[in-house]
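Each residue of the sequence shown is one higher than the one before, starting from 6 at the first, in the working numbering.
The beta-carbon is built from N, C-alpha and C at its ideal position, and this holds for glycine as well.
From a predicted model like this one, the values you see are computed outputs, not experimental measurements.
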Amino acid sequence: MSDESDDGEPDYDNVPTVSCSRCNCEWELSYELDDLQVGNQSVEQFALDHMRHTGHFPDSVSPWVARCRQCPDGDEFLSERPARRWAEIHARHTRHTVDIDHGDDETTTVTPE
Ligand SMILES: [Zn+2]
Ligand SMILES: [Zn+2]
């Protein structure tokens, strides 16, 4: 079985591959797809597991990063909603201002009410 597309484009129906330059590793998630048919969710699950074990996300994942401006507190999330919730809760309880970054997007700032 050979690749039908040799142009370097990833085939999105195919096996998702996750790589991590910090670990210098690459993983194929095909078996999880076969089992679960959850598509991108297996990548997310992998990323969360990787974060839990190594403290960082793999390359293909660009996390939402909530970071407090006034204390060392902060966390990384796979989607905007939990990042925003974390920021709002932190701001409410500490009166701190929290920045939320996501890749090249604009930084969102959450300030205490
Ligand atoms: Zn890693
Ligand atoms: Zn804080």
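Starting from E31, trace the beta strand (DSSP E) in both directions and tell me its first and last residue. Translated into positions along the sequence shown, residue 31 becomes position 26. Here the beta strand (DSSP E) through E31 covers C30 to E33.
What is the chain-ordered set of residues for which the beta carbon lies under 6 Å from any non-hydrogen atom of ligand 2? C73, Q75, C76, D78, H95, T99 and H101
Mind checking whether the beta-carbon of H55 lies closer than 7 Å to any heavy atom of ligand 1? Translated into positions along the sequence shown, residue 55 becomes position 50. Result yes, Cβ under 7 Å from ligand 1.
So V115 and E93 are supposed to be a Cβ contact under 8 Å. How far apart are they, rounded? For this step, residue 115 is matched to residue 110 along the sequence shown. For this step, residue 93 is matched to residue 88 along the sequence shown. 6 Å between Cβ atoms; contact.
Output the boundary residues of the beta strand (DSSP E) element that contains E81. Residue numbering aside, residue 81 sits at position 76 when the sequence shown is read from its first letter. Element bounds for E81: G79 to F82.
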